[in-house]
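Asks: Structure incoming, see below.
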Amino acid sequence: MAKDKRKKDESNAGGGIGGFVIAALIAIVLGAGGGGAYGYLLMPDVAPQNSGPTDRAPPPAGPTAGRFPGDAIELAIPSVITDLNSEPAVRARLDVSIIVVHGTPQTTTLLGEVREDVIAYLKGLSLADIQGVRGFQNLREQLDDRARVRGRGAILGLLIGGLVLE
18 MAKDKRKKDE SNAGGGIGGF VIAALIAIVL GAGGGGAYGY LLMPDVAPQN
68 SGPTDRAPPP AGPTAGRFPG DAIELAIPSV ITDLNSEPAV RARLDVSIIV
118 VHGTPQTTTL LGEVREDVIA YLKGLSLADI QGVRGFQNLR EQLDDRARVR
168 GRGAILGLLI GGLVLE
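Numbering-wise, this note's numbering puts 20 at position 3 of the sequence shown, and it's gapless, one number per residue.
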């Protein structure tokens, strides 16, 4: 009788692995079917793109409108290198450029004035004033506002290309 029980146990041991494989396949099929049904029911009905003539004009080709008009000109200002107002000596190098309206006269004078404003503003800052994301954003906004005021309507904005602190 003990031999009969061993034979049943050995035959059930082989069936356990086969049963596991069958259960795993069933789980995979149910998961794939359930996921497909879920996605099918939640997907919005979309009409084909080329379904026929439309009354709307096609979108214009080329770049989309950005922050500045298409005829604006970017003028690079020579790198500004100055010391910050902080106890350990910290030197800052700032690469900026201005965006001006097309046809702005006296751009070299305007570049010099904006550069002087940037230097004067940086000399009054400490390292803590420009640390972190919020500090950099404040720096960008202040310089942009100062450039717009200095430009008297000719400057559309100021772009910061790089900031190095040493």
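Every residue gets a Cβ at the ideal spot worked out from N, C-alpha and C, and that includes glycine.
According to DSSP, is I172 part of a helix, a strand, or is it coil?
Replies: Start at 1 with the first residue of the sequence shown, and residue 172 comes out as number 155. Looking at I172 - three-state DSSP - the assignment turns out to be strand.
Asks: When the Cα of A89 is compared with those of A171, V181 and G179, which residue comes out closest?
Replies: Residue mapping note: residue 89 aligns to position 72 of the sequence shown, counting from 1. The candidate whose alpha carbon is nearest that of A89 is A171.
Asks: In the DSSP output, which residue or residues are listed as bridge partners for D161?
Replies: Along the sequence shown, read from residue 1 onward, the residue named residue 161 stands at position 144. Looking at the DSSP assignment, D161 forms no beta bridge with any residue, so it has no partner.
Asks: Closest to E133 by CA distance: which of L42, Q148 and L111 is it?
Replies: Numbered from 1 along the sequence shown, position 116 holds the residue referred to as residue 133. E133 has its Cα closest to that of L111, out of L42, Q148 and L111.
Asks: How many angstroms separate the CA atom of R163 from the CA atom of N102?
Replies: Walking along the sequence shown from the start, residue 163 turns up at place 146. Walking along the sequence shown from the start, residue 102 turns up at place 85. When rounded, the distance between both Cα atoms is 19 Å.
Asks: Just the Cα atoms here: how many angstroms apart are V38 and G51?
Replies: Counted from its first residue, the sequence shown places residue 38 at position 21. Counted from its first residue, the sequence shown places residue 51 at position 34. One C-alpha to the other measures close to 20 Å.
Asks: Is the CB-CB distance between V131 and I115 below 8 Å?
Replies: Locating residue 131 in the sequence shown gives position 114, where the first residue counts as 1. Locating residue 115 in the sequence shown gives position 98, where the first residue counts as 1. Contact: yes.
Asks: Rounded to the nearest angstrom, what separates S143 and G87 at their Cα positions?
Replies: One-based indexing of the sequence shown puts residue 143 at position 126. One-based indexing of the sequence shown puts residue 87 at position 70. Near 37 Å, if we compare the C-alpha coordinates of G87 and S143.
Asks: Let me make sure I understand the geometry here. Which of I43, L58 and G168 has the alpha-carbon closest to that of V117?
Replies: Here residue 117 corresponds to residue number 100 of the sequence shown, with the count starting at 1. Selected option, being the one with the closest Cα: G168.
Asks: Thinking C-alpha only, which one of I136, R165 and A93 is nearest T99?
Replies: The residue you call residue 99 lines up with position 82 of the sequence shown. T99 has its Cα closest to that of I136, out of I136, R165 and A93.
Asks: Report the rounded CA-to-CA distance for G53 versus L42, giving the unit in angstroms.
Replies: Counting from one through the sequence shown, the residue named residue 53 turns up at place 36. Counting from one through the sequence shown, the residue named residue 42 turns up at place 25. If I take the Cα positions, the gap works out to 16 Å.
Asks: Any idea what DSSP makes of T121, helix, strand or coil?
Replies: Position 104 of the sequence shown, counting from 1, holds the residue named residue 121. In the structure shown, T121 sits in coil (DSSP, three-state: anything other than H, G, I, E or B).
Asks: Pick from V181, Y138, A93 and L47: whose alpha carbon is nearest that of T124?
Replies: Here residue 124 corresponds to residue number 107 of the sequence shown, with the count starting at 1. Of the candidates V181, Y138, A93 and L47, the one whose C-alpha sits nearest the C-alpha of T124 is A93.
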